[in-house]
Amino acid sequence: LATSSTSVVETVVGRHVFHISGYSLLCGHVQSATFTIGGYPWCIRFSPEAPDSDKGCAIIIVLLTKGAEVTAHFNIGFMSQIDGSIHIKKTTRLIAFNTTGGHLQSAGFHARWSKEEDFSILRDDRLTIVCDVSVLVNPQTSSLEPSSGAHVPQPDLQHCMLTLLEEREGADVTFGVGDETFVAHRVVLAMRSPVLKAELYGPMRVRGDSCIIVEDMQPAVFKAFLHFIYTDSLPAIDALHVVDKKEMVRHLLVAADRYAVERLKTICQGILCNNLPWRIHWHWLISTIAVCLRMLALSLSFLLIDWETL
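Here my numbering is used: the first residue of the sequence shown is 430, the next is one more, and so on.
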């Protein structure tokens, strides 16, 4: 009888973004706030490029925990101030930190950007450092298990749930949406939506074979909503025309908000935001700034009135 065991090396990955304003005024090094990744506190120290240096600026990653042994690797880059893209400049190998002697330990790197990148990376005298930290977790070895050599099938829970919805076996609740009806399983709906749970199992629940009428929703939208409830994924809407796809996502966002399905709500918001024209982003930004300025002016006027009455 053959046996097998598995050793798994896992990593905890995190990112810290360090914004530096007034880059041209820097003298000496600046230090980021403390951030925690993998259960350990870290910080970034940055020193600008010396006038006669050909190595570039200095970036130092400091492990702020004493009495620890940590192994990690880093991706270090700069963020474009124009479009937010990341320019990775340094990818390290595994680095072992050992602070059991009571002293902090750090790893230093040099990085520089090209003249072509200077316009975007240092725009408005602002520099943004992006540091991805991957901390190794202690390897774990699983217990011995008989090795049968059998192939383990891929998980098919999503497919099974979709089959349950489509074949209607065991369905115990009916919804009327427009001129169409849909059947589903109370326990699945209640598990996924607190609103549906209250509607199906609360004091005002619908009993027996009564049909629940859903107002202000198109049948196609409710069908897509049920698909997400059962499978935790959106149906195939990519084949739709761009306008129809956006309209479907908008309606799904309304349904997600109506039934408090937060994951669907977040997904729809992300799709809509990613497809907004840049003019709308600028319009929203300018409108927000205008409102803030009006609020500031109003607050100052109240302060002046109070000051004059003292």
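Even glycine gets a Cβ: it sits at the ideal position worked out from N, Cα and C.
Just tell me which of 673, 598, 485, 527 has its CA closest to the CA of residue 500.
Of the listed residues, the one whose Cα sits closest to residue 500 is 527.
Between residue 457 and residue 441, which are expected to be in contact by the criterion C-beta below 8 Å, what is the C-beta distance as a whole number of angstroms?
Actually they are not in contact, since the Cβ atoms of residue 457 and residue 441 sit about 32 Å apart, beyond 8 Å.
Which of the three DSSP states is assigned to residue 456 in this structure?
Coil.
Given residue 731, which residues of its chain have a CB within under 6 Å of its CB, disregarding the five upstream and five downstream residues?
Excluding positions up to five away in sequence, the list is empty.
Considering only DSSP beta bridges, list what residue 540 is partnered with.
486, per the DSSP bridge assignment.
From the DSSP output, in three-state form, read off residue 631 for me.
Residue state, collapsed to three classes: coil.
On the three-state DSSP scale, how would you describe residue 626?
Correct three-state label for residue 626: helix.
Kindly indicate the opening and closing residues of the beta strand (DSSP E) around residue 440.
Residue 440 -> beta strand (DSSP E) spans 440-450.
For residue 715, count the other beta carbons within 10 Å of its own beta carbon; 16 or more makes it buried, fewer makes it exposed. Which is it?
Answer is exposed; the Cβ neighbour count stays below 16.
Roughly how many angstroms separate the alpha carbons of residue 563 and residue 443, rounded to a whole number?
Approximately 7 Å between the Cα atoms of the pair.
So what's residue 469 in DSSP terms, helix, strand or just coil?
Three-state DSSP puts residue 469 in a strand.
What three-state label does DSSP hand residue 555 in the structure shown?
Residue state, collapsed to three classes: strand.
Below 8 Å on the Cβ atoms is my contact criterion, and I expect residue 610 with residue 603 to pass it. Report the Cβ-Cβ distance as a whole number of Å.
Confirmed, about 6 Å.
Can you give the Cα-Cα distance for residue 614 and residue 663, rounded to whole angstroms?
Straight-line Cα distance between these residues: approximately 19 Å.
On the CB-based measure, 16 or more other CB atoms within 10 Å of its CB, does residue 480 come out buried or exposed?
Note that residue 480 scores 48 on pLDDT, short of 50, meaning its location in the model is unreliable and no value can be drawn from it.
My output table needs one value for residue 652: the three-state DSSP class, helix, strand or coil.
The answer is helix: DSSP assigns residue 652 an H, G or I state.
Drop a sphere of 10 angstroms on the beta-carbon of residue 697, count the other beta-carbons inside from all chains shown, and report buried for 16 or more, exposed for fewer.
With 16 or more Cβ atoms within 10 Å of its Cβ, residue 697 is classed as buried.
Would you list the residues sitting across from residue 605 in a DSSP beta bridge?
DSSP lists 610, 642 as partners of residue 605.
Do residue 533 and residue 493 have their CB atoms nearer than 9 Å?
Yes, the pair counts as a contact, with Cβ atoms nearer than the cut-off.
Quick check on residue 512: does DSSP put it in helix, strand or coil?
If DSSP states are grouped into helix, strand and coil, residue 512 belongs with coil.
Tell me the DSSP secondary structure of residue 480 in three-state form.
The predicted position of residue 480 is uncertain, since its pLDDT is 48 and thus under 50; a value taken from the coordinates is nonetheless stated next. Here residue 480 sits in coil by DSSP.
Check each candidate in 550, 519, 548, 549 and name the one with the smallest Cα separation from residue 537.
Cα-wise, what sits closest to residue 537 is 519.
Look at the alpha carbon of residue 725 and the alpha carbon of residue 486, and state the distance between them as a whole number of angstroms.
Their Cα atoms are separated by approximately 39 Å.
With DSSP run on the structure shown, which of helix, strand or coil describes residue 534?
In the structure shown, residue 534 sits in a strand (DSSP, three-state: E or B).
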